Amino acid sequence: MEGVVKFNCHWNQTGPVISDDQYETINYWREILYNMDLIGVYENGVGFGNISMRIKGGNQFIITASATGEIPELEPEHYVKVISFNIDDNAVQCTGPLKASSESLTHAAIYLADPGANAVVHVHNLDLWNDLIYNVPTTNPSMDYGSMGLAKDIFKLFSDSNVFEKRIIIMAGDRAGILTFGHDMDEAVNILMQYIRKEK
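Following the numbering used here, the numbering of the sequence shown begins with 291 at its first residue and continues without gaps.
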């Protein structure tokens, strides 16, 4: 559920923070995912899905802003830079025109656990979720979306499961929620597409 920020969000409101190159890459894939209904908004008005990209040389990343799931084509002002985070303190520091996605800590946990991951995709697909839950690395169902507990559980999966190999995580506590990640945005999305093709 997008738009409900559960962490302590220390937000420095600024103009656009995304470079032209970053925007071109991330927005290209975000539009494809939106058009496939993997990112969007439910009938009750709650948005879902988000996408992020690590900024080279650290754990900072660009991520879609909170409550952008319903927007068909994002502009540069719909992206936020996460400057720092602390999972134990349930805190995210971000800068940009809007607040960071409610799933920012979830993305942060993957970047922290896997230094080789440079892109994370979070989508909703109930059929695929039902097929894969507990068959691939899966979070504890008691861990709610966007929570500190979920971020810690994801971090733990990197030592307790074959998530490095599979590069996919089912969020058991977020009905239909699926995460994939990769060395770059192409890989993160292509891993998702491979699972979707297998499911058909």
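Every residue, glycine too, gets a C-beta built ideally from N, C-alpha and C.
Bear in mind that the values here come from a model prediction, so they are computed numbers and not experimental data.
**OP:** Could you name the residues that DSSP lists as bridge partners for N340?
**Re:** H412
Subject >> Supposed close pair S392, G436 - CB separation, criterion 8 Å >> reply: 4 Å
**OP:** For my contact list, F471 and R457 are in at a C-beta cut-off of 8 Å; report their separation, rounded to the angstrom.
**Re:** 6 Å
Original post:
Would you report the Cα separation of L440 and Y313, rounded to the nearest angstrom?
Top reply: 28 Å
Original post:
Going by Cα to Cα distance, which pick from N302, M343, I423 is closest to M461?
Top reply: I423
Subject >> Range of the contiguous beta strand (DSSP E) that encloses I316 >> reply: Counting along the chain, I316 falls outside any beta strand (DSSP E), though it belongs to the alpha helix (DSSP H) covering 310-325.
**OP:** Work out the CA separation of E360 and E333 for me, nearest whole Å.
**Re:** 11 Å
Original post:
Are the C-beta of I329 and some C-beta of chain B separated by less than 8 Å?
Top reply: Checking the listed chains, one finds no chain B in this structure; it contains a single protein chain.
**OP:** Leaving out five residues on either side along the sequence, give the residues of the same chain with a beta carbon under 7 Å from the beta carbon of A478.
**Re:** A409, V410, V411, T470, F471, G472
Subject >> Three-way DSSP call (helix, strand, coil) for V382 in this model >> reply: strand
Subject >> Environment of I329 [buried if 16+ CB atoms lie within 10 Å] >> reply: buried
**OP:** Take M433 and list the residues in its own chain whose beta-carbon comes closer than 6 Å to its own, dropping the five residues that flank it on each side.
**Re:** G439, L440, D443, G463
Original post:
From L482 to P431, what does the alpha carbon distance come to, in whole angstroms?
Top reply: 21 Å
**OP:** Could you tell me whether the Cβ atoms of Q350 and V372 are closer together than 8 Å?
**Re:** yes
Subject >> Pairwise C-alpha distance: E321 and E363 >> reply: 6 Å
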